[in-house]
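All remarks here apply to the structure that follows.
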Amino acid sequence: MKKLEETVNVSAEGKSRLTISYDYIIVGAGSAGCVLARRLSESTEANILILEAGEGADDLDRIKNPLRWLENIGSAQDYLYQYQPTPVINNRIIYAPRGKLLGGSGSINAMVWARGNRHDYDDWEKAGNQGWDYGSVLPLFKKIEDWDTGANALHGAGGPIHVARPANLHQIDAAVIRAAGTYGLPYMDDSNIAEPLGAGPMSMNIDKGTRSSPFTGYLKPVMHAENLTILTGARVIKLIIDNEKCTGLAFIKDGEVVNVQALKETILCAGAIESPRILMLSGIGDADELKKTGIETKVNLPGVGKNFQDHPLVSVTYQFLKPLGELTYNLGGINLYWKSNPELKKADLMLIPIQYPILTAEISERYPVPENAFSVFVTLVDVKSRGYIRMTGASPDSPLEIQPNLMQDPDDFEALVKGIEFCMDLAEEPELNAILKSWVAPDRRLDRSEIRHFLRDACSTYFHPAGTCSMGKGGDAVVNDRLKVYGVEGLTIADASVMPRIPTANTNAPTLMIAEFAAEVLLGIR
Numbered sequence: 001m002k003k004l005e006e007t008v009n010v011s012a013e014g015k016s017r018l019t020i021s022y023d024y025i026i027v028g029a030g031s032a033g034c035v036l037a038r039r040l041s042e043s044t045e046a047n048i049l050i051l052e053a054g055e056g057a058d059d060l061d062r063i064k065n066p067l068r069w070l071e072n073i074g075s076a077q078d079y080l081y082q083y084q085p086t087p088v089i090n091n092r093i094i095y096a097p098r099g100k101l102l103g104g105s106g107s108i109n110a111m112v113w114a115r116g117n118r119h120d121y122d123d124w125e126k127a128g129n130q131g132w133d134y135g136s137v138l139p140l141f142k143k144i145e146d147w148d149t150g151a152n153a154l155h156g157a158g159g160p161i162h163v164a165r166p167a168n169l170h171q172i173d174a175a176v177i178r179a180a181g182t183y184g185l186p187y188m189d190d191s192n193i194a195e196p197l198g199a200g201p202m203s204m205n206i207d208k209g210t211r212s213s214p215f216t217g218y219l220k221p222v223m224h225a226e227n228l229t230i231l232t233g234a235r236v237i238k239l240i241i242d243n244e245k246c247t248g249l250a251f252i253k254d255g256e257v258v259n260v261q262a263l264k265e266t267i268l269c270a271g272a273i274e275s276p277r278i279l280m281l282s283g284i285g286d287a288d289e290l291k292k293t294g295i296e297t298k299v300n301l302p303g304v305g306k307n308f309q310d311h312p313l314v315s316v317t318y319q320f321l322k323p324l325g326e327l328t329y330n331l332g333g334i335n336l337y338w339k340s341n342p343e344l345k346k347a348d349l350m351l352i353p354i355q356y357p358i359l360t361a362e363i364s365e366r367y368p369v370p371e372n373a374f375s376v377f378v379t380l381v382d383v384k385s386r387g388y389i390r391m392t393g394a395s396p397d398s399p400l401e402i403q404p405n406l407m408q409d410p411d412d413f414e415a416l417v418k419g420i421e422f423c424m425d426l427a428e429e430p431e432l433n434a435i436l437k438s439w440v441a442p443d444r445r446l447d448r449s450e451i452r453h454f455l456r457d458a459c460s461t462y463f464h465p466a467g468t469c470s471m472g473k474g475g476d477a478v479v480n481d482r483l484k485v486y487g488v489e490g491l492t493i494a495d496a497s498v499m500p501r502i503p504t505a506n507t508n509a510p511t512l513m514i515a516e517f518a519a520e521v522l523l524g525i526r
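Note that full-length UniProt numbering gives residue 335 to position 335 of the sequence shown, counting from 1, and the numbers run on in steps of one.
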């Protein structure tokens, strides 16, 4: 890895740096950025610069140790964004963790490896995005993977990310699977089948008890490549747009502004919150909104910051009959996919038991939490609600207004109500009820009206912001199906922001797939 002083000339005054140039500039060394850096550096002789606002932290045990992932929330490696209040969530602020380090959120997340449903991607293509159907993206998912039992029709081997299933299930997980079976749900040996439904062992990007992250799998092996420069602590403040072409960008490093020229392409991989911020700071966005904040419009793209989606999550908490014992894996071990309406074409709810009690502040004040308590995450993964991200000023330091509108659509709210009811039903199945000492939060069976009241204070986020630079044709689309920004030459976006509709799964694996797609486009393979 080259040092800054080896690549940037410092003026005599030490207050500014001369403009330098690279073939490719990647903004963000998160999950997607790590993929692009690896693929471009190993496949071309082009000079590549990747900029990361955070620092390297892969030596921290809480980053490497799957059992400690919760400790990353609120740490120095977490942006800890704030979702703005709405009446639906009783006007609460909800904190949304995002990774600020090499590897991004893929270095601090819960390591759940989930792709979603084939219909997620088929629907992307039906919306006009050629090449994004399930059959077309499956080879990319396989390319990423080093599957624990070797390659097969659904999985790859030898890829940068090791994916494994638990060898032995915690007693809680085993009981939930048995209860789901009694309830009538099928058993899934692989939760990444084309249309997941039922309960079974979770796929996790864990290798021999250690996080297998985009940083360790993709970026670390090429960190010393001669054609790759990695700068940490570098915050991008503006893209340079000249005659509808992105010619480079400006970033701040150690308090000094650096201008860098991109000879071939600038690639935004800053995530669903920072990528639209950078676009808007650069004058790319809704002209009316930019005018209100004093930003000169360079390209009028009304969809920038729109179409914001996230998965709302609620915890239902119980007390185990005996000590929980040794914690395992990523504190979880199974996925359960369920349909709130049997007529749905895909499961819209995902349940994950976690060997630890996790409650919102409001719920924990209402319900005392005893020892040996554990929670079941009930997550709506097929959402209709849409939010937005807006600038509140023209400065890079101006706070963002981040509004996902969680459960704003009544169908989302009622689906989660049904999800909580389903979780209660499972707890009453003999196989699960036999290992429970008590119900904790809620502390008894609630009727539907009581569940709605509980949900407004219990709802949080599953940490999956997406959709704010949506891929598509017309309307509020920001990029085309080659991930090129409309109206701007030389600018690609490759991260969760381009998802037109969030997949019915954790978003890290789909984000890596998007980055692999972008790499193939840039390399002329696709």
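Where a beta carbon is used, it is the ideal one built from N, C-alpha and C, also for glycine.
* Around the Cβ of Leu-219, are there at least 16 other Cβ atoms within 10 angstroms (buried) or fewer (exposed)? -> Along the sequence shown, one-based indexing puts residue 219 at 219. By the 16-neighbour rule on beta-carbons within 10 angstroms, Leu-219 is buried.
* Asked: So the beta strand (DSSP E) Tyr-83 belongs to, where does it begin and stop?
  -> Position 83 of the sequence shown holds residue 83. Counting along the chain, Tyr-83 sits inside the beta strand (DSSP E) bounded by residues 81-83.
* From Thr-86, Ser-395, Thr-44, Gly-28, pick the residue whose C-alpha is nearest to that of Thr-266; which is it? -> If you number the sequence shown from 1, residue 266 lands on position 266. Of all alpha-carbon atoms in Thr-86, Ser-395, Thr-44, Gly-28, the one lying nearest the alpha-carbon of Thr-266 is that of Gly-28.
* Do you know how far the Cα of Gly-30 is from the Cα of Asp-412? -> What you label residue 412 is simply residue 412 of the sequence shown in a count that begins at 1. What you label residue 30 is simply residue 30 of the sequence shown in a count that begins at 1. In this model, Asp-412 and Gly-30 are separated by some 30 Å (Cα to Cα).
* Got a sec: is the Cβ-Cβ distance from Leu-432 to anything in chain B below 8 Å? -> Protein chains in the displayed structure number just one, and chain B is not present.
* If you check the beta carbons only, do Gln-77 and Gly-99 fall under 8 Å apart? -> As a position in the sequence shown, residue 77 is number 77, starting the count at 1. As a position in the sequence shown, residue 99 is number 99, starting the count at 1. Note that the C-beta distance between Gln-77 and Gly-99 is below 8 Å.
* Under three-state DSSP, which class holds Arg-521? -> Residue numbering aside, residue 521 sits at position 521 when the sequence shown is read from its first letter. According to the sequence shown, residue 521 is Val rather than Arg. In this structure, Val-521 counts as helix in the three-state DSSP scheme.
* To do: Express the C-alpha separation of Ser-395 and Glu-274 in angstroms, rounding to a whole number.
  => For the purposes of this step, residue 274 is taken as the residue at position 274 of the sequence shown. For the purposes of this step, residue 395 is taken as the residue at position 395 of the sequence shown. In a straight line, the C-alpha of Glu-274 is about 14 Å away from that of Ser-395.
* To do: Determine the burial state of Lys-298: buried for a count of at least 16 other Cβ atoms within 10 Å of its Cβ, exposed for fewer.
  => Here residue 298 is taken as the residue at index 298 of the sequence shown, counted from 1. Burial of Lys-298 is indicated by the presence of at least 16 other C-beta atoms within 10 angstroms of its C-beta.
* Cβ atoms of Asp-173 and Pro-357: under 8 Å apart, would you say? -> Against the sequence shown, residue 357 aligns to sequence position 357. Against the sequence shown, residue 173 aligns to sequence position 173. No Cβ-Cβ contact shorter than 8 Å links Pro-357 with Asp-173.
* Distance between Asp-443 and Phe-320 (C-alpha atoms, nearest Å) -> Numbered from its first residue, the sequence shown carries residue 320 at position 320. Numbered from its first residue, the sequence shown carries residue 443 at position 443. As the crow flies, the alpha-carbon of Phe-320 is around 13 Å from that of Asp-443.
* Whole-angstrom distance between Pro-465 and Asn-405, CA atom to CA atom -> The residue you call residue 405 lines up with position 405 of the sequence shown. The residue you call residue 465 lines up with position 465 of the sequence shown. Their backbone Cα atoms lie some 12 Å apart in a straight line.
* To do: Could you please give the first and the last residue of the uninterrupted beta strand (DSSP E) stretch that includes residue 566?
  => Because the chain is modelled from 1 through 526, residue 566 falls outside the range shown and cannot be assessed.
* Please list the segments of the beta strand (DSSP E) lying wholly inside the segment 43-82, counting only runs of 3 or more residues, in order along the chain. => Fully enclosed beta strand (DSSP E) runs of 3 or longer: 48-52.
* **Reduced DSSP secondary structure (H/G/I, E/B, other) of Glu-256** => Within the sequence shown, numbered from 1, the residue matching residue 256 stands at position 256. In the three-state DSSP reduction, Glu-256 falls in the strand class (E or B).
* What does Ser-21 pair with, by DSSP beta-bridge criteria? -> What you label residue 21 is simply residue 21 of the sequence shown in a count that begins at 1. DSSP lists Gln-261 as partners of Ser-21.
* May I have the straight-line CA-CA distance separating Pro-85 from Thr-461, to the nearest angstrom? => As a first step, residue 85 is located in the sequence shown; it is residue number 85 there, counting from the start. As a first step, residue 461 is located in the sequence shown; it is residue number 461 there, counting from the start. Looking at the two C-alpha atoms, the distance is approximately 13 Å.
* From Lys-238 to Met-188, what does the alpha carbon distance come to, in whole angstroms? -> In the sequence shown, residue 238 corresponds to position 238, counting from 1. In the sequence shown, residue 188 corresponds to position 188, counting from 1. The straight-line gap separating the alpha-carbon atoms of Lys-238 and Met-188 is approximately 47 Å.
* Asked: Of the residues His-224, Val-417, Met-513, Arg-115, which one's Cα is nearest the Cα of Leu-446?
  -> To locate residue 446, count along the sequence shown from 1; it is residue 446. Ranking His-224, Val-417, Met-513, Arg-115 by Cα distance to Leu-446 puts Val-417 first.
* To do: Please name the residue, chosen from Leu-351, Asp-61, Leu-301, Leu-101, that lies closest to Leu-426 on a Cα-to-Cα basis.
  => Here residue 426 refers to the residue found at position 426 of the sequence shown. The shortest Cα separation from Leu-426 among Leu-351, Asp-61, Leu-301, Leu-101 belongs to Leu-351.
* Asked: Where does Arg-452 sit, in a helix, a strand or coil, going by DSSP?
  -> Here residue 452 is taken as the residue at index 452 of the sequence shown, counted from 1. Three-state result, Arg-452: helix.
* Asked: What's the gap between the Cα of Leu-344 and the Cα of Trp-338?
  -> Residue mapping note: residue 344 aligns to position 344 of the sequence shown, counting from 1. Residue mapping note: residue 338 aligns to position 338 of the sequence shown, counting from 1. If you draw a straight line from the Cα of Leu-344 to the Cα of Trp-338, it comes to about 10 Å.
* Between Lys-322 and His-170, what straight-line distance do the alpha-carbon atoms span, to the nearest angstrom? -> Along the sequence shown, read from residue 1 onward, the residue named residue 322 stands at position 322. Along the sequence shown, read from residue 1 onward, the residue named residue 170 stands at position 170. Between Lys-322 and His-170, the alpha-carbon positions lie close to 13 Å from each other.
* To do: Could you name the residues of the same chain whose beta carbon sits closer than 6 Å to that of Thr-379, not counting the 5 residues immediately before and after it, in chain order?
  => Taking the first residue of the sequence shown as 1, we reach residue 379 at position 379. Closer than 6 Å at Cβ, skipping near neighbours: His-311, Leu-313, Met-350, Tyr-462.
* To do: Mark Asp-481 as exposed unless 16 or more other C-beta atoms lie within 10 angstroms of its C-beta, in which case mark it buried.
  => Taking the first residue of the sequence shown as position 1, residue 481 is located at position 481. So Asp-481 ends up on the buried side.
* To do: Could you spell out where the alpha helix (DSSP H) holding Ile-278 opens and where it closes?
  => Counting from 1 along the sequence shown, the entry for residue 278 is found at position 278. Membership of Ile-278 in the alpha helix (DSSP H) is indicated by the continuous run 271-281.
* Asked: Do Pro-370 and Val-440 have their CB atoms nearer than 8 Å?
  -> Counted from its first residue, the sequence shown places residue 370 at position 370. Counted from its first residue, the sequence shown places residue 440 at position 440. In contact: Pro-370 and Val-440 (Cβ atoms closer than 8 Å).
* Going by the CB atoms, is the gap between Phe-251 and Asn-234 shorter than 8 Å? -> As a first step, residue 234 must be located in the sequence shown, where it is residue number 234. As a first step, residue 251 must be located in the sequence shown, where it is residue number 251. Per the sequence shown, the amino acid found at residue 234 is Ala instead of Asn. A distance below 8 Å separates the beta carbons of Ala-234 and Phe-251.
* Boundaries of the beta strand (DSSP E) in which Ile-94 is found, first to last residue -> Start at 1 with the first residue of the sequence shown, and residue 94 comes out as number 94. Note, Ile-94: beta strand (DSSP E), 94-96.
* Asked: Among all the DSSP beta bridges, which residues are the ones paired with Thr-379?
  -> Here residue 379 is taken as the residue at index 379 of the sequence shown, counted from 1. BP columns for Thr-379 point to Leu-313, Met-350.
* Ranges of the alpha helix (DSSP H) found wholly within the segment 429-475, counting only runs of at least 4 -> With a minimum length of 4 residues, the continuous alpha helix (DSSP H) runs that stay inside the segment 429-475 are 430-433, 448-458.
* Asked: Does the Cβ of Cys-102 have 16 or more other Cβ atoms within 10 Å, making it buried, or fewer, making it exposed?
  -> Taking the sequence shown and counting its residues from 1, one reaches residue 102 at position 102. Looking at the sequence itself, residue 102 is Leu, so the reference to Cys does not match. Buried, by the Cβ-count rule.
* Evaluate Asn-91 with the Cβ neighbour count: other Cβ atoms within 10 Å of its Cβ, from every protein chain shown; 16 or more gives buried, anything less gives exposed. => Locating residue 91 in the sequence shown gives position 91, counting from the first residue. With fewer than 16 other Cβ atoms from the protein chains shown falling within 10 Å of its own Cβ, Asn-91 counts as exposed.
* Which residues in the same chain as Val-381 place their Cβ atom closer than 7 Å to its Cβ, once the five residues preceding and following it in sequence are excluded? -> On the sequence shown, position 381 is the one that residue 381 refers to. His-311, Asp-348, Leu-349, Met-350, Thr-504, Ala-505.
* Asked: Thr-182 lies in the beta strand (DSSP E); which residues open and close that run?
  -> Working through the sequence shown from its first residue, we reach residue 182 at position 182. Premise fails: Thr-182 lies in the alpha helix (DSSP H), 171-183, not in any beta strand (DSSP E).
* Asked: Are Val-488 and Glu-289 closer than 8 Å when you measure CB to CB?
  -> As a working note, residue 488 is residue 488 in the sequence shown. As a working note, residue 289 is residue 289 in the sequence shown. Contact flag unset, no.
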